[in-house]
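Numbering (this note's numbering), first residue to last: 22 to 683. Where is the CB? At the ideal position from N, CA and C, for every residue including glycine. Computed from a predicted model, the values in this text were never measured in an experiment.
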Amino acid sequence: MGAYYSNSLAGFLKDDTLKISGTLTHGAGLSGFYQQKHTQTLSWGDAINTLKTAFDQIIAEVDGAEQWGIMLEYPIARRQKRVDAVILAGDLVIVLEFKVGKADYTNADKEQVLDYCLDLRDFHFESKDKILVPVLLATEGKNISNEFSRTEDQVQNIIFSNAADLAFNLFKIFAVYQTGNAQIDTKRWDDSDYSPTPTIVEAARSLYAGKEVVEISRSHARGKNLTKTSNAVVTAIKQAKADGQKIICFITGVPGAGKTLAGLNIAHDASVQQDGRSLATFISGNAPLIKVLKKALSNDAHKRRFDKTAKQKESDRIISFVENAHGFLELYFANKAKVPNNKIVIFDEAQRAWDAKHSEQKFKRPHSEAEMMFEIMDRHKDWAVIVALIGGGQEINKGEAGLPEWGKVIQEKYSDWKVYISPQLKVGHHSTGDLTLFTEEPENLSIVEDSNLHLDVSIRSYKAEKLSQWVSFVLNNEAEQAKSLFKEHLSKYQIRLTRDLDQAKDWLRSKCKGTRRMGLVATSGARRLLPYGFDIRQPLEEAEWFLNDRNDVRSSYFLELAATEYRIQGLELDWVGVCWDLDLRRKAGRWSFNSFSGTKWQDVKSAEKQQFYINKYRVLLTRAREGMVIFIPPGDINDQTRPPAVYDAVANYLISCGVQPL
């Protein structure tokens, strides 16, 4: 559904205020707001009259203004909100946020109207090359002397206005920002494809509130989308249920392609519900992800002010919404007679499941977590489903068995389970770390190959679908391929390099607008970032870092605490500062791997550990949705642990891969 009301300025002025208010009330009813508050209706009336007064003056002053478009209550799906008014003034998009009866221009209101413009810029097809001007209108506000000047960004600085000055400010906006191109077609703009890509936290909040995350499925029509992947798995689940069969489905994809979102979608699909509850359990071995999602959902519940009984029920529901994989395995593996409540387990980051050796050392369980998962789900007498979400090339811990362990367990112990895989998992792909599920295709298994089980386009970095491939080239010592891909595909995704930490922070602050989120990241091996204030050994409270606002010193916004790969894997930020240290350096034209021990760096010779180092930087370099700056310290000739020439070599290599210095 588009705007509740849409017209030309001339048509808007002809329509009676009560008629327009009635149209808005009807639109609210169609959207599910059946009991519209009387105060909202009065607010609409005041806003409509304010616009009418301003438009009368504009039409008298500006030739052709009667053909401008006006839309009221235009949906911003990613925010689950609506823009109060959009004015299409020639080739300009003016976004108005009304605060009827208010005299203050609050920071929250500023962020709100700025967010609307940013979302239109990034996700609204008909706005992709248009100038967007945010206007915050506090009807009783004081007169503000605005600075009307063009910025390089499509989204201009906020214009502040009260009701009395609206006509003057609209006139100035048109005079300064319009480029003389043709009038935007109002109907086409209103009907435009609008495909926002929510963060994992936003998507979880939507699903938890009972909303479908349909906007995800409309993103990146050129690639495999989440709807196709979710539908492929749901179809397989239905078939397993009908046939009384046990199956495992592997979902693979490039970093940021939406594997976790696909899993959450499947877990809350209507077809896997029975008697009012889901037959699926979503589990993850990624403790920070679980912690952040639960905190976000808890914050939402607190805002709704439930009574004590309702709060407890809400807390229980949150716990069942997302669950820690290690806790799930501990509960059921210790009790061999216990059959899981759910017929479907969706295992996020399944490649990080512990191998048998680590499981024995840490939990006194002499089996790999992949084997334990099969043993537990195999207890069902009829049908059962495991959905394994595989983030290949992202194993970052000793003891993480990776993809081959799943294939080994299936082949040796659970060959009666039907296996659904993508072609990429059969032959290897950069998104799977070039690994395959089986070294050779087993003859004793029933394998179904489905291309929809692979997500090949990043929706995290929606401005750079090829980012993960560029990162693979960089980490595989393929500078020429990286540079070529960078030039051809990463023009809209900003990657910069600096040797100055303050410059990196300033760049992030200049880019991060509205409620977009920024933060610094570094690997757990970046021990010589300490001179810059980063002690990566210190604990970091993930929920506060990811969720708290700009005024909280614990939040990522303050750019004081760097999150390591363990804290940020599976999560994302809009703008990222990657702090590079000498744990990964250049030597003889290739990467060299070092760990810091005592007072010096030491070579890492284990091939397995070397791969972990590569994967750690792969995680960091694929966390940003909009862009990143890479900070490489200048080094210090008086500190043998920070030789400038070694840092220089890393910087020069990244520049040869296409990265532009600030």
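Span separating the alpha-carbon of residue i from that of residue j
i	j	result
Asp140	Phe494	31 Å
Val440	Lys262	15 Å
Arg558	Glu581	14 Å
Val406	Leu350	16 Å
Ile165	Leu117	16 Å
Thr620	Gly656	16 Å
Glu94	His289	29 Å
Phe385	Lys359	Reading off the sequence shown, one finds Lys at residue 385, where the question assumed Phe. Distance between the alpha carbons of Lys385 and Lys359 is about 19 Å.
Tyr55	Ile80	In this predicted model, Tyr55 has a pLDDT of only 42, less than 50, meaning its place in the structure is not dependable; the value taken from the coordinates is given anyway. Going from the Cα of Tyr55 to the Cα of Ile80 covers about 36 Å.
Ser512	Leu488	11 Å
Asn286	Cys533	29 Å
Arg530	Asp570	14 Å
Val176	Gly535	11 Å
Ser319	Leu282	19 Å
Asn28	Pro96	16 Å
Arg663	Asn465	55 Å
Glu82	Tyr198	17 Å
Glu1	Phe614	The displayed coordinates of the chain run from 22 to 683. Any statement about residue 1 would go beyond what the structure contains.
Phe555	Asp471	45 Å
Pro665	Asn345	43 Å
Val254	Ser443	12 Å
Ile480	Leu39	43 Å
Ala547	Ala609	22 Å
Asn659	Tyr553	16 Å
Asp523	Gly598	11 Å
Ile180	Gln204	22 Å
Ile311	Asp206	45 Å
Ala543	Asp403	47 Å
Glu501	Gln515	19 Å
Ala686	Ala185	Limits of the chain in this structure are 22 at one end and 683 at the other, which puts residue 686 out of reach.
Short Cβ contact (8 Å threshold) for residue i with residue j
i	j	result
Ala86	Leu135	no
Tyr353	Asp399	no
Ala371	Ile411	yes
Ser42	Gly66	yes
Val104	Tyr137	yes
Lys149	Asp112	no
Gln680	Leu603	It is Val, not Gln, that sits at residue 680 in the sequence shown. Not in contact: Val680 and Leu603 (Cβ atoms no closer than 8 Å).
Ser305	Asp369	yes
Tyr638	Leu592	no
Lys259	Ser292	yes
8 Å contact criterion, which residue i and residue j should meet: CB distance rounded
i	j	result
Ile221	Trp438	Not really, about 29 Å apart at Cβ, beyond 8 Å.
Leu496	Thr273	Contact flag wrong, Cβ pair sits at about 18 Å.
Thr160	Asn190	At roughly 13 Å, the Cβ-Cβ gap does not stay under 8 Å, so Thr160 and Asn190 are not in contact.
Asn363	Ala301	6 Å
Leu568	Ala317	6 Å
Leu541	Cys600	6 Å
Asp595	Met539	6 Å
Val366	Phe395	Not a contact, Cβ separation roughly 10 Å.
Lys120	Leu158	7 Å
Residue i beta carbon near the ligand FMN (any heavy atom closer than 7 Å)
i	result
Phe494	This structure does not include the ligand FMN; it has no bound ligands of any sort.
Residues near residue i in its chain [Cβ-Cβ closer than 7 Å; skip 5 each side]
i	result
Lys193	Phe169
Leu561	Leu582, Ala584 and Arg588
Thr457	Leu446, Lys447, Val448 and Gly449
Ala242	No answer about Ala242 holds up, because its pLDDT of 43 lies below 50 and its placement is not dependable.
Ala75	Leu187, Ala188 and Leu191
Arg209	Glu147
Close beta carbons around residue i, own chain, < 6 Å, minus the five adjacent residues each side
i	result
Val110	The sequence as given places Ala at residue 110; Val does not occur at that position. Here the set comprises Trp89 and Phe195.
Lys249	Asn473
Pro463	Gln432
Arg607	Ala670, Val671 and Tyr674
Own chain residues within Cβ distance below 8 Å of residue i, not counting five before or after
i	result
Pro387	Ala377, Ser380 and Glu381
Ala355	none
Thr519	Ala525, Trp528, Val650, Ile651, Phe652, Ile653, Pro682 and Leu683
Leu675	Val495, Leu518, Ile651 and Ile653
His47	Tyr25
Endpoints, alpha helix (DSSP H) assigned at residue i
i	result
Gly274	From DSSP, Gly274 is part of no alpha helix (DSSP H) but of the beta strand (DSSP E) over Lys267 to Gly274.
Ala525	Leu522 to Lys532
Glu501	Ala500 to His510
Tyr137	Asn128 to Phe144
Val254	Leu247 to Asp264
Pro425	Leu424 to Lys434
Gly348	Ala346 to Phe354
Limits of the beta strand (DSSP E) - the one that residue i falls within
i	result
Pro665	Segment Pro665 to Ser677 is the alpha helix (DSSP H) holding Pro665; no beta strand (DSSP E) there.
Ile165	Neither: Ile165 is in no beta strand (DSSP E) and is coded neither H nor E.
Ser479	Looking at the DSSP string, Ser479 is not in any beta strand (DSSP E), and its letter there is neither H nor E.
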